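First comes the structure, then the notes that go with it.
Residue numbers (my numbering), protein chains in the order written: chain A, 209 to 398; chain B, 121 to 548; chain C, 1227 to 1534.
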């Protein structure tokens, strides 16, 4: 997908006078979502035996942790999930979309964001700026059922700094162990 | 050079002779220098961590004193300009004392710079060829050049004049006049370059002002000659050096004009910053009235402004300055006042608030205070030594063996304006 | 905060070996050596280190010897095997950075990732990145705060992390009297830690509060040392010299992203090659509206803030 000229394989080493290539462009890999979903595959684990109830209702038995709070139109599971093939999502026109390509579903409404994302302007790309960049699909950061911006616990301001600046008074020092908020493993795909 | 050896020997003898008061003075300076030396050793061992400097306020009392001292050094020319450019003779006989002050002030400048370096052991990186000098891009590189150049110029003039007279000869104009004129421009240059050091930083609104160089010169020409007035009175009373009232009055006129100009320029700066009240006025507000509850410098700067104003009033009011005691007090106020306003009063607010809006206040640590006091004492010591050598030569008391002890012109620059009264009397 | 995790900070000496018990003596010798110039014997610091030339005058052989010496010093003092390299700028690459002001939540993970990657002192604590908590409705940094704590983003605020802007017309580079700091061909502004004299004029010149001075001996535990080091970037620094963000050149010149970007949970940070029209950084500049901090200072930074 994400159009990107293929990086020309082996890259520059340290030798200063070695001939180097013209700028080349990063290849993008999107982190697959499905290995991160505990209940996947939905069909294999439950829904091959248990047909989903399409009626809109309050969920009491299953999926009680899911609170659907995503805009005015998105009011029920089947808006995105394919009820007879629950390992897939679907577009409004009915096209089936695998979970790993969930961004295609999001893109239907959030077109501008999606365009930013394909350009690398929105969302997080890590790995290599030159060779293979690793990008996250929308649900990695945004809970599709309740996509409101979450809060983060901030790490403390540097407490043992020479001058504490305006934040005088001690803060407990915490060793910086930056962890990713989105627990995406760095496996790649696509 | 046998003559030069004799010169050094005579100089050595001159500086160890003196009254108990003289020894007391040396002991006083020595005690401060010892304290400063110990503090310097401590700082070298432990690094600049022993200062109260921080990334937000990376320069403090050392650079503040340095800036002030550059002004003192530059002010020496205020004894030379009237004499040689306006052919006004009042200061003719005392101009050598200004040159000596310049040399002492430059020693202090170098002392403060070395104290401020994080790696003084790498001073050789500044040297030509073996080092790597960012000239002409870096204004600091310019400053290194002009300050050392000024030291060479003044060192040469002073040594040439004194050594020539020591040998009983009349200094030749062609040997020192060109250098003297170069020194006049150079003096303006050192203080302008030092001002550019600050005003050339586009990111520090408080310093980024075209008024700064002229303000620097005005305050230098107020503080330097004020100090010289006191020094001349001391030399006249203690060493029987003939200083005319006309000379003192000419200096008073200079400091009066310079101080008024300095106050006017400072007031202009304050108006330009405070009246429109742009975001760039934060530093000035911090300095004058405090910012967000931080106001460490407010009493400090107002003390400076009051001292400057008091000095200016005395300098222009005859009943006040005609009394020597009041005049000395006013001169001392001018020196201290300028030291406050263009020392820490200029350097510290430039960093407050920081370029990201943080407010970290600063006042010197005990080590910084001790080192600064030590460098001051060192400067005082150097000036005392130079006077002990220079004054007897001027008076004709110190001569090469076999040369008659008569004054040569009694003025440093070998002219024909000698005094008739051959003031004799040992250096006290 | 329990001190178990922090532990007492031993002065593990960096690069030029000043600290710990024997170093007091060493420093003393050094001071003495500097004072008496010719008479001092070769002390532990070594003459070759003292008279080491400016980075740009070093031959490949010099560099090899210096890197080996520095690695040996760390091995001797901290018992850590580090690898010092000197990755060179890549042809056709000019690095730039962009930061999404709309997405940043001010969690400071970038700050700590940076400290970890770049071996900055833990006590006194040194962070290259400063996160400003800005007031909504204003872009004035003087109305910002840096000491906020707890859950972020906080009501009424947005966040603006600031680090070295790697300016095209860098005031720090111009200010340095000895050329100890300069912009590399790929735009990264570096410091030669063995050449800096510690005058701090660059720090006064910088409008971004991007430069940091080692007033004290930098300290960090042996276990905290990142052994993959660049000579001009994250190797252990001595006392009395300047340091700063180097866009993690030890990573970025090998094709990786800087540590701060990797740590960002919001994807606010964008980095890449300005000369590559398809790079993220070019896409940001072309499709978004950018804001340049202190643009009036004329520094022409390679660091852009954007909204989106």
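All C-beta atoms, glycine included, are put in the ideal place defined by N, C-alpha and C.
Since we're looking at a predicted model, the values are computed, not measured.
Residue i, DSSP secondary structure in three states
i, result
"residue 1484/C", "coil"
"residue 249/A", "coil"
"residue 417/B", "coil"
"residue 277/A", "coil"
"residue 298/B", "helix"
"residue 1496/C", "strand"
"residue 1451/C", "coil"
"residue 211/A", "Legend: pLDDT at residue 211/A = 36, less than 50; position of this residue unreliable, no value from coordinates given."
"residue 1384/C", "strand"
"residue 1360/C", "strand"
Test item: CB-CB of residue i and residue j under 9 angstroms
i, j, result
"residue 488/B", "residue 268/B", "no"
"residue 1335/C", "residue 1456/C", "no"
"residue 87/B", "residue 160/B", "The shown model of chain B, from 121 to 548, leaves out residue 87/B, and the question about it has no answer."
"residue 375/B", "residue 342/B", "yes"
"residue 92/B", "residue 496/B", "Nothing can be reported for residue 92/B, as the shown portion of chain B is limited to 121 through 548."
"residue 494/B", "residue 156/B", "yes"
"residue 182/B", "residue 233/B", "yes"
"residue 366/A", "residue 1274/C", "no"
"residue 321/B", "residue 1431/C", "yes"
"residue 467/B", "residue 180/B", "yes"
"residue 482/B", "residue 177/B", "yes"
"residue 1465/C", "residue 1488/C", "no"
Range covered by the alpha helix (DSSP H) that runs through residue i
i, result
"residue 465/B", "464 to 467"
"residue 280/B", "259 to 286"
"residue 243/B", "No alpha helix (DSSP H) holds residue 243/B; DSSP gives it neither H nor E."
"residue 1399/C", "1397 to 1401"
"residue 354/B", "331 to 359"
"residue 348/A", "346 to 349"
"residue 1542/C", "Absent from the model: residue 1542/C. The displayed extent of chain C is 1227 to 1534, so no value can be given."
"residue 223/B", "215 to 236"
"residue 1475/C", "1475 to 1478"
"residue 327/A", "319 to 327"
"residue 187/B", "181 to 194"
"residue 200/B", "197 to 204"
Terminal residues of the beta strand (DSSP E) in which residue i lies
i, result
"residue 1470/C", "1468 to 1470"
"residue 503/B", "Residue 503/B -> not in any beta strand (DSSP E); alpha helix (DSSP H) instead, spanning 486 to 515."
"residue 336/A", "Premise fails: residue 336/A is in no beta strand (DSSP E) and is neither H nor E."
"residue 1456/C", "1454 to 1456"
"residue 304/A", "304 to 306"
"residue 381/B", "Taken as a continuous stretch (DSSP letters only), residue 381/B belongs to no beta strand (DSSP E), being part of the alpha helix (DSSP H) at 365 to 394."
"residue 403/B", "Here residue 403/B belongs to no beta strand (DSSP E); instead the alpha helix (DSSP H) covers 402 to 408."
"residue 1517/C", "1515 to 1517"
"residue 1309/C", "1309 to 1311"
CA-to-CA distance, residue j to residue i, given in whole angstroms
i, j, result
"residue 368/B", "residue 458/B", "20 angstroms"
"residue 209/B", "residue 1526/C", "55 angstroms"
"residue 1518/C", "residue 1347/C", "29 angstroms"
"residue 1408/C", "residue 254/B", "11 angstroms"
"residue 316/A", "residue 279/A", "14 angstroms"
"residue 524/B", "residue 282/B", "15 angstroms"
"residue 332/A", "residue 1355/C", "19 angstroms"
"residue 505/B", "residue 304/B", "24 angstroms"
"residue 1370/C", "residue 1358/C", "6 angstroms"
"residue 263/B", "residue 257/B", "11 angstroms"
"residue 273/A", "residue 357/A", "18 angstroms"
Proximity winner among the options, relative to residue i (alpha-carbon distances)
i, options, result
"residue 313/B", "243/B, 359/B and 190/B", "190/B"
"residue 516/B", "284/B, 169/B, 132/B and 185/B", "284/B"
"residue 1367/C", "510/B, 402/B, 433/B and 451/B", "402/B"
"residue 1512/C", "1392/C, 1530/C and 1425/C", "1530/C"
"residue 1474/C", "1314/C, 1404/C and 1370/C", "1314/C"
"residue 1390/C", "1522/C, 1302/C, 1436/C and 1287/C", "1436/C"
"residue 306/A", "236/A, 371/A, 237/A and 242/A", "242/A"
"residue 1410/C", "1403/C, 1296/C and 1418/C", "1418/C"
"residue 276/B", "219/B, 348/B, 427/B and 163/B", "219/B"
"residue 328/B", "287/B, 238/B, 279/B and 392/B", "392/B"
"residue 388/B", "469/B, 332/B and 168/B", "332/B"
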